[in-house]
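Numbering (full-length UniProt numbering), first residue to last: 1 to 374. What follows is a single structure, written as structure tokens, with notes after it.
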């Protein structure tokens, strides 16, 4: 069977330069559909069973985040369910994978994908719980549904908002939300039961459906970076943000969490609101307390490595967590998960993956519960 590389499926993205010889498969990272951003890839290789393949990403050095490929290992799967890491090197210009497929078909991706089909199945599964309602709150540019999951009583004392995947290629964010919702809806989980006595959760598992299916890293079908749209979202450019922002203003919010992935840093961490001019000592204490409680809840979470407070000064209030923190004066955090691995607890076989993201999502319920009175 001759070598074949394909990418015409959910989140598929790659450009083939040459693929005649398994010892020299040359590829280029494909840009986002409507933006000059090169990073995400997801493709299928057929016809190389038992052959030592050398796969080169020729333009990796010109990627949007080239440091994301330093110390990074490509994810692979034979069945699209079980993903593992394969030997990968990066010389600053070309990223090279050396792998001998054991089967006729193998998939490679920047990170374990979270498919649109799984997203819809997740919505259907949680909707069966008596404490859950799944609301349609808008439509994307490509015509896909924007859904919000409400867990608990909307009249509850505290309103907790969680959004994920503003940047669609950061699939670990939706794995995180899946794990968090599984824990929240576990009738045997005492933390979840206690939480839902006092709080209602508003959850948007996928903020960027179009970008997810198109195989984009950071943008939607209009080329908009949704996490720079929170001041002035529009139906034409960022309907996804517009509908969610409107809902937040309608419900109010006491805690807000925006789940993301970071290409370069092999750690889990949060970016807070300490750079806001109106950030009080009381809010700082609440933010620090939440971080401490999260570290106690999960050894996968840490506060040594992260972003400088000055990272986003020029575009501050266009970011979701900064806009919400400034507008509602509440605990508002961006949570970053790694594409690579957690350097504090590395797993060479799978690196950081969907299951570990889900476990970190489940672990967040404890610090939320402990922070309700802050």
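Ideal Cβ placement from N, Cα and C applies to all residues, glycine included.
Judged by their CB atoms, residue 222 and residue 163 are not nearer to each other than the 9 angstroms cut-off. Take residue 293, set aside five residues on each side of it, and the residues of its chain with a beta-carbon closer than 8 angstroms to its own are 366, 367, 370 and 371, in chain order. Taken through DSSP and simplified to helix, strand or coil, residue 105 comes out as strand. Per the coordinates, the alpha-carbon of residue 168 lies some 15 angstroms from the alpha-carbon of residue 354. Closest option to residue 214, judged by alpha-carbon separation, among 5, 290, 12 and 131: 12. Counting along the chain, the unbroken alpha helix (DSSP H) around residue 243 starts and ends at 239-251.
By the criterion of a C-beta distance shorter than 7 angstroms, residue 158 is surrounded in its chain by 198, 199, 254 and 372, once the five residues flanking it on both sides are discounted.
Its Cα nearest to that of residue 65, the residue 36 stands out among 155, 36 and 46. Counting only runs of 4+ residues, no alpha helix (DSSP H) is found wholly inside the stretch 73-103.
Rounded to the nearest whole angstrom, the C-alpha separation of residue 47 and residue 348 is 27 angstroms. Counting along the chain, residue 161 sits inside the beta strand (DSSP E) bounded by residues 158-164. Setting aside the 5 residues that flank it on each side, residue 305 is surrounded in the same chain by 265, 267 and 269, each with a C-beta closer than 7 angstroms to its C-beta; the list follows chain order.
By the Cβ rule, the stretch 14-28 does not count as touching the stretch 72-80, because fewer than three pairs are nearer than 8 angstroms. Pairwise C-beta distances place the stretch 39-59 out of contact with the stretch 122-135, as fewer than three of them are shorter than 8 angstroms. Residue environment: residue 119 is assigned as buried (16 or more neighbouring CB atoms within 10 Å of its CB, all protein chains considered).
Looking at the DSSP output, residue 261 shares a beta bridge with 337. For the options 32, 274, 299 and 182, the alpha carbon positioned closest to that of residue 310 is the one of 274. In the three-state reduction of the DSSP assignment, residue 329 falls in the coil class. In the structure shown, residue 129 adopts coil according to DSSP, grouped into three states. In the DSSP secondary-structure assignment, residue 139 is bridged to 145. Residue 352 and residue 282 have their C-alpha atoms spaced approximately 34 angstroms apart.
According to the DSSP assignment, residue 202 belongs to the beta strand (DSSP E) that extends over 199-204. Less than 9 angstroms separates the beta-carbon of residue 257 from that of residue 332. In chain order, 75, 76, 77, 349 and 350 place their CB closer than 8 angstroms to the CB of residue 84, counting only its own chain and leaving out the 5 sequence neighbours on each side.
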